[in-house]
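Enquirer:
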Amino acid sequence: MRWQPTVSPSAYDTAWLAMIPDSHERFKPMFGNCLNWILNNQNQHYGFWGDCDVHGMPTIECLTATLACVVALNRWNIGTVMINKGLAYVHSSNAEKVLKEIKDQCPRWFAIVFPAMVELSQEIGLKIEINEALLSDIFYQRQRILDKEELVKDYQYPPLLSYFEALPSSYDVEQEDILNHLSCDGSLFQSPSATACAFMAYGNTACLSYLQAMVQKCPHGVPNTYPIDEELIRLSVINHVQRSGLAEHFTRETKQVLEQVYKATDLAFPGEHDLEETRSFSRKLLEKSVSLGAGDQIPLRRLIEDELRFQWMARLDHLEHRMWIEESEINVMWAGKASFQRLSSLHNDKLVRLAMENYKFRQAIYQTELDQLKRWSKDWGLNDMGFGREKTTYCYFAIAASCNLPCDSYIRMIVAKSAIIITVADDFFDTKGTPTELRSLTDAVQRWDAKGLCSDAKTIFLALDNLWYETFLSWLTESEWSRSNNVPSMEEYLQVGMKSIATHTLVLPASCYLKPSLPNSKLRPRQYESLTELVMTIPRLLNDLQSFEGKIKVFEAEVRSY
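Under UniProt numbering, residues 1 to 562 are what the sequence shown spells out, in order.
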């Protein structure tokens, strides 16, 4: 499968190729299809060129792209109406709003490219009417960058020289500098715009070969980087698919793509030092980007903050899918030299529509299941016990929001029903039942016989479906510890606590339905015992930590009130 068509063309880079005159006929463009792309891809409503967000609004890249396209059309004395419309957008309140939003945190690429496009427009006689204070501030930031940075420096990427087309004439760049940094494919840092400018300046044949090969491969507008890393495109597209809640529809494609480094480190095992170092580095980098205000101009800031705030194992997938669908920058894949590389509008629109319909489909399934669960809870009298917590909706929400498989309804219902019974029974042991009632209920579960139970205990017992003596026994033990003020050892506590949290009671019965063809002989393999114990112990410790933190906050609040 070819992934290049999924990438949106760069109006900025395509415009630079459209400016190149033909070697034999100087009064016509060398790459006529690039000029035709400009003529056919102006936004009809606002007059800009470039990608808009999913709400149809122009992005920051549209300012530089529009000026570049206007210059290209003017060079060939074509599209006067389109030129005027493009300039009207640059002079509009929408464009001024974008400039005001980035005033205090102007992206480096924009501070380099935008002034150059303004100067180039003015040189060919176009009148640019932009707020003078805003424009002066961006020009000042460009000068600071030019004074501070060298043409090529290892720590600075992309380097200044990759913006060759945007460097002012006062910034001396020798032909030797260009030749020393041409890639083996003839490009200048794989940048179509910089390479196009280098060819126009020095006529290098290697640059021309690169441009011709690129246009042949991308005849309908060129990308902002070429050649395109198809592995990166695959990873980015699959990331969108997964975050949008569509993973189960693209399992084959997903299997072909590596896990993202940051997410993969969530599954690191002790001793995997390289992954630990990678995770530490990536986290510090993300934290620094937030502290410096990076991403204020795009909704990626909220995404970064969520990635840092919520642990991977604590996330609710269905809610994450909705947030991603609503994210206005869903089509951003990675940052390029002078713009963000995005999914093409056609592919992005299809993906968003599919994600929305899939989300609605899931919601319909979940609503039906919740209604069934409420009826079940009511029929068994679990929602009207007169004590403790009524957690029918809560339990189902926790299960459904973290489940990726809308088709496995029976699994969700098993887990949700188990969670409801556990909640009611746990409260009965903690608050309502007498020592005699608790022992009777525990014995009844062991015997699997409801004779002699009180009404509340009988309701709980009858709702059970082959669930689970050792969990009830652990609740009884904890109740006896509490009533007798007995403090167990840590080892005793964990042995009982890992059962009383009832994770295995939820997970193990449901797991039997994940693969019905699994033979009975393999249901209890010895090698899985330690894994099961970890599944039981970790939630207990997490629950205790959260309970302790909650009690500390209450205690501190009470102390402050005195």
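For each residue, glycine too, the CB sits at the ideal point set by N, CA and C.
In terms of residue numbering, what span does the alpha helix (DSSP H) encompassing Thr-393 cover?
Expert: As a first step, residue 393 is located in the sequence shown; it is residue number 393 there, counting from the start. Its alpha helix (DSSP H) spans residues 392-401.
Enquirer: Which residues in the same chain have their Cβ closer than 6 Å to the Cβ of Phe-548, if we skip the five residues on either side of it in sequence?
Expert: For the purposes of this step, residue 548 is taken as residue 548 along the sequence shown, with counting starting at 1. Here the set comprises nothing.
Enquirer: Could you name the residues of the same chain whose beta carbon sits closer than 8 Å to that of Glu-96, not counting the 5 residues immediately before and after it, in chain order?
Expert: Taking the sequence shown and counting its residues from 1, the one referred to as residue 96 is at position 96. Same-chain partners within the cutoff: Ile-130, Asn-131, Leu-134.
Enquirer: For Arg-447, does the count of other Cβ atoms within 10 angstroms reach 16, so buried, or fall short, so exposed?
Expert: Sequence index remark: in the sequence shown, residue 447 carries index 447 (1-based). By the neighbour-count rule (16 or more Cβ atoms within 10 Å), Arg-447 is not buried but exposed.
Enquirer: Name the two residues that bound the continuous alpha helix (DSSP H) containing Ser-479.
Expert: Here residue 479 corresponds to residue number 479 of the sequence shown, with the count starting at 1. Its alpha helix (DSSP H) spans residues 469-484.
Enquirer: Three or more beta-carbon pairs under 8 Å between the segment 66-73 and the segment 6-19, yes or no?
Expert: The segment 66-73, when compared against the segment 6-19, does touch it at the 8 Å Cβ threshold.
Enquirer: Would you decide whether Phe-27 is buried or exposed? Buried here means 16 or more other CB atoms lie within 10 Å of its CB.
Expert: Working through the sequence shown from its first residue, we reach residue 27 at position 27. Looking at its Cβ environment, which holds fewer than 16 other Cβ atoms inside 10 Å, Phe-27 is exposed.
Enquirer: Are the beta-carbon atoms belonging to Thr-59 and Tyr-12 less than 8 Å from one another?
Expert: In the sequence shown, the residue the question calls residue 59 occupies position 59. In the sequence shown, the residue the question calls residue 12 occupies position 12. Contact flag unset, no.
Enquirer: Decide if the segment 436-444 is in contact with the segment 390-410; the criterion is three or more beta carbon pairs, one per stretch, under 8 Å apart.
Expert: no
Enquirer: Can you tell me whether Leu-541 is buried or exposed, with buried defined as 16 or more other CB within 10 angstroms of its CB?
Expert: For the purposes of this step, residue 541 is taken as the residue at position 541 of the sequence shown. Label assigned to Leu-541: exposed.
Enquirer: Let me make sure I understand the geometry here. Which of Cys-62, Asn-41, Glu-150 has the alpha-carbon closest to that of Leu-160?
Expert: On the sequence shown, position 160 is the one that residue 160 refers to. Looking at the Cα atoms, Glu-150 is the closest of the given residues.
Enquirer: Since Cys-395 and Thr-423 should fall inside the 8 Å C-beta cutoff, what is the C-beta to C-beta distance between them, to a whole number of angstroms?
Expert: In the sequence shown, residue 395 corresponds to position 395, counting from 1. In the sequence shown, residue 423 corresponds to position 423, counting from 1. Their Cβ separation, rounded to whole angstroms, is 7 Å, which keeps Cys-395 and Thr-423 in contact under 8 Å.
Enquirer: Indicate whether Ile-420 and Thr-459 have their beta-carbon atoms separated by less than 8 Å.
Expert: As a working note, residue 420 is residue 420 in the sequence shown. As a working note, residue 459 is residue 459 in the sequence shown. Not closer than 8 Å, so no.
Enquirer: Can you look up Ile-145 in the DSSP assignment and give me helix, strand or coil?
Expert: Translated into positions along the sequence shown, residue 145 becomes position 145. Ile-145 falls in the helix class under three-state DSSP.
Enquirer: Is it right to say Lys-417 is buried, meaning 16 or more other beta carbons lie within 10 angstroms of its own, or is it exposed?
Expert: In the sequence shown, the residue the question calls residue 417 occupies position 417. Under this definition Lys-417 is a buried residue.
Enquirer: Please state whether DSSP places Val-173 in a helix, a strand or coil.
Expert: Indexing the sequence shown from 1 puts residue 173 at position 173. Of the three classes helix, strand and coil, the one that applies to Val-173 here is coil, per DSSP.
Enquirer: What do you get for Ser-187, buried or exposed, if any count of 16 or more other CB atoms within 10 angstroms of its CB means buried?
Expert: Numbered from 1 along the sequence shown, position 187 holds the residue referred to as residue 187. When all chains shown are included, Ser-187 counts as buried.
Enquirer: On the DSSP bridge assignment, give the partners of Leu-135 in chain order.
Expert: As a position in the sequence shown, residue 135 is number 135, starting the count at 1. Looking at the DSSP assignment, Leu-135 forms no beta bridge with any residue, so it has no partner.
Enquirer: Looking only at C-alpha atoms, which of Thr-477, Glu-470, Trp-481, Leu-476 sits nearest to Thr-503?
Expert: Taking the first residue of the sequence shown as position 1, residue 503 is located at position 503. Of the listed residues, the one whose Cα sits closest to Thr-503 is Glu-470.
Enquirer: Under three-state DSSP, which class holds Leu-126?
Expert: Translated into the one-based positions of the sequence shown, residue 126 becomes position 126. Of the three classes helix, strand and coil, the one that applies to Leu-126 here is coil, per DSSP.
Enquirer: Which value, in whole angstroms, describes the spacing of the CA atoms of Leu-508 and Leu-370?
Expert: On the sequence shown, position 508 is the one that residue 508 refers to. On the sequence shown, position 370 is the one that residue 370 refers to. Leu-508 and Leu-370: Cα-Cα distance of roughly 22 Å.
Enquirer: Rank Lys-360, Lys-85, Asp-177 by C-alpha distance to the C-alpha of Ile-128 and give the top, closest one.
Expert: Here residue 128 is taken as the residue at index 128 of the sequence shown, counted from 1. Among Lys-360, Lys-85, Asp-177, the Cα nearest to that of Ile-128 is on Lys-85.
Enquirer: Spatial neighbours of Tyr-89 within its chain, please: CB distance less than 7 Å, with the 5 preceding and 5 following residues excluded, ordered by chain position.
Expert: The count along the sequence shown starts at 1 and reaches residue 89 at position 89. Closer than 7 Å at the Cβ level, and outside the excluded window around Tyr-89, lie Tyr-46, Gly-47, Phe-48, Thr-66, Ala-95.
Enquirer: Report yes if the C-beta distance between Leu-182 and Val-173 is below 8 Å; otherwise report no.
Expert: As a first step, residue 182 must be located in the sequence shown, where it is residue number 182. As a first step, residue 173 must be located in the sequence shown, where it is residue number 173. No; because the gap between Cβ atoms is not below 8 Å, this pair is not in contact.
Enquirer: Please report how far the alpha carbon of Met-536 lies from the alpha carbon of Ser-511, in whole angstroms.
Expert: Numbered from 1 along the sequence shown, position 536 holds the residue referred to as residue 536. Numbered from 1 along the sequence shown, position 511 holds the residue referred to as residue 511. Going by the C-alpha atoms only, they are around 14 Å apart.
Enquirer: Once DSSP output is grouped into helix, strand and coil, what is the label at Pro-539?
Expert: Taking the first residue of the sequence shown as position 1, residue 539 is located at position 539. In this structure, Pro-539 counts as helix in the three-state DSSP scheme.
Enquirer: Would you kindly work out how many angstroms separate the C-alpha atoms of Lys-284 and Gln-311, rounded to a whole number?
Expert: The residue you call residue 284 lines up with position 284 of the sequence shown. The residue you call residue 311 lines up with position 311 of the sequence shown. So the alpha carbons of these two residues sit roughly 15 Å apart.
Enquirer: Helix or strand or just coil, what does DSSP make of Leu-382?
Expert: By one-based count along the sequence shown, residue 382 stands at place 382. Annotated three-state conformation of Leu-382 is coil, per DSSP.
Enquirer: Could you check whether Phe-428 and Leu-476 sit closer than 8 Å to each other, using their CB atoms as the reference points?
Expert: Working through the sequence shown from its first residue, we reach residue 476 at position 476. Working through the sequence shown from its first residue, we reach residue 428 at position 428. No; because the gap between Cβ atoms is not below 8 Å, this pair is not in contact.
Enquirer: How should Asp-51 be labelled, buried or exposed, when 16 other C-beta atoms within 10 angstroms of its C-beta is the threshold for buried?
Expert: For this step, residue 51 is matched to residue 51 along the sequence shown. Per the 10 Å Cβ criterion, buried.
Enquirer: Need the endpoints of the alpha helix (DSSP H) that Tyr-202 sits in, please.
Expert: On the sequence shown, position 202 is the one that residue 202 refers to. For Tyr-202, the uninterrupted alpha helix (DSSP H) run begins and ends at 192-202, by DSSP.
Enquirer: Restricting to Cα atoms, I'd like to know which of Glu-533, Ser-121, Asn-486 is closest to Gln-495.
Expert: Position 495 of the sequence shown, counted from the start, is the residue given in the question as residue 495. If we check each option's Cα against that of Gln-495, Glu-533 comes out closest.
Enquirer: At what residues does the alpha helix (DSSP H) containing Gln-495 begin and finish?
Expert: Reading the sequence shown from its first residue, position 495 is the one you call residue 495. That run of the alpha helix (DSSP H) goes 490-500.
Enquirer: With a threshold of 16 other CB atoms inside 10 Å of the CB of Gly-452, please say whether the residue is buried or exposed.
Expert: Residue 452 sits at position 452 when you count from the first residue of the sequence shown. Sixteen is the threshold: since fewer than 16 other Cβ atoms of the shown chains lie within 10 Å of the Cβ of Gly-452, the residue is exposed.
Enquirer: Can you check DSSP and say which residues form a bridge with Leu-182?
Expert: Taking the sequence shown and counting its residues from 1, one reaches residue 182 at position 182. Leu-188, per the DSSP bridge assignment.
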